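Report on the structure given below.
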Amino acid sequence: MTALKQAGAKDVRYLPMAADPSVHRPLELTKVEREEYGSEVSFVGAGYANRRAIFPQLLNHEWTFKLWGNEWEGATELSSVLQRNGARIDTDTCQKVFNASAVNLNLHSWAGIGLDPDGDFVNPRTFELAACGAFQLADRRSLMPDLLAANEIATVSSSGELPGAIARWLREPEQRLAMAANARRRVLAEHTYVHRMRDLLSQVGVASPDRIGAVLRGARQSDALALAADDSFPSIASTLRTFPSTKRVELKQLAAQIRSRGPMGTLSREDLMVLMLDEYRSETKDLV
């Protein structure tokens, strides 16, 4: 968020991920399902570098451990616990694993080894597990305390803490159930996608009360956009004024106009940002 503000964004706010209670919910599993999907310790996710380095230390303990997900090719140490030969797991299977496991590990992906010491954002799995009423053991994130409290989610700050934390929580089933119930109540009250969309629309309205109405009325003509850009992005405002005043200007048209200056043209930082966004639009086939 600091980097975005330094880049010129005037109003930056964090909109966390969330859960869908119609999908992520407690399930009544059969005995057969519990045997297939259940274990004392489980993890569902892809084989990122930090997870490949951490999980071997969880083998050869007194607990059962099942690893679900894809992209674990070459992780031979984990082949004994990898389920379905590393096949991609669908949502229904995820929910059954969450509900059938005593301790659900939730380790955010990181390109380094171990746990990210500067990890901030909270992944969607955090809210999905909580909505299922499933106990989870996660890596500590700087933004977590504002979303879930210590009596709602268990955390560790280093990979070395994991074996001891797992052993501890397996010994305390009643506290696990209480924490999972607390987390589910919190998510249903504050962290569903309905809450997130309300927050988003509320913040857009607070920051710019007429913004949505202006867009719906078509207030994206070059003159209106240029006027809005005058103070903060003068080079963009100048480019916008090369269009007819009532012409509706989209990102791809603005980028094309900047490119038309040719290889000898001088580009501002804002011009370069527009070109970068247009490249992203083109690569993702976005219709912006």
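All you need for our numbering is the position in the sequence shown, starting with 1, plus 5.
Beta carbons: idealized from backbone N, C-alpha and C, even for Gly.
Keep in mind it's a predicted model, so treat the numbers as computed, not measured.
Residue i - partner residues in DSSP beta bridges
i, result
"Val49", "Trp73"
"Ala159", "Leu142"
"Ser44", "Ser106"
"Thr197", "Ala24"
"Asn65", "Partner(s): none; Asn65 has no beta bridge."
"Gln2", "Nothing can be reported for residue 2, as the shown portion of the chain is limited to 6 through 293."
Buried or exposed by the 16-neighbour rule on C-beta atoms within 10 Å, applied to residue i
i, result
"Asp276", "buried"
"Met4", "There is simply no residue 4 to check, as the chain begins at 6 and stops at 293 in what is shown."
"Glu133", "buried"
"Asn90", "exposed"
"Val17", "exposed"
"Pro249", "exposed"
"Met184", "buried"
"Ser265", "exposed"
"Val293", "Low local confidence applies: a pLDDT of 38 at Val293 is under 50, so the model's placement there is unreliable, with the coordinate-based value given in what follows. So Val293 ends up on the exposed side."
"Pro21", "buried"
"Val108", "buried"
"Phe238", "buried"
"Asn156", "exposed"
"Asp144", "buried"
Integer-rounded CB distance, given that residue j should sit under 8 angstroms from residue i
i, j, result
"Ile158", "Gln141", "6 angstroms"
"Leu34", "Lys101", "6 angstroms"
"Arg93", "Asn65", "The pair is not a contact, with the Cβ atoms about 27 angstroms apart (cut-off 8 angstroms)."
"Pro31", "Asn104", "6 angstroms"
"Val24", "Val192", "It is Ala, not Val, that sits at residue 24 in the sequence shown. Between Val192 and Ala24 the Cβ distance is about 6 angstroms, and since that is below 8 angstroms, they are a contact."
Residue i to residue j span [Cα, whole Å]
i, j, result
"Ala154", "Leu120", "20 angstroms"
"Ala80", "Pro268", "48 angstroms"
"Met202", "Ser85", "42 angstroms"
"Phe70", "Thr244", "59 angstroms"
"Glu38", "Ser47", "15 angstroms"
"Val161", "Pro61", "17 angstroms"
"Ser147", "Leu110", "18 angstroms"
"Glu67", "Ala172", "9 angstroms"
"Arg253", "Arg225", "5 angstroms"
"Leu152", "Thr131", "10 angstroms"
"Glu82", "Leu175", "24 angstroms"
"Gln180", "Trp77", "33 angstroms"
Residue interval of the alpha helix (DSSP H) (run including residue i)
i, result
"Ser250", "First-last for Ser250: undefined, no H or E at that position."
"Thr131", "Pro129 to Ala136"
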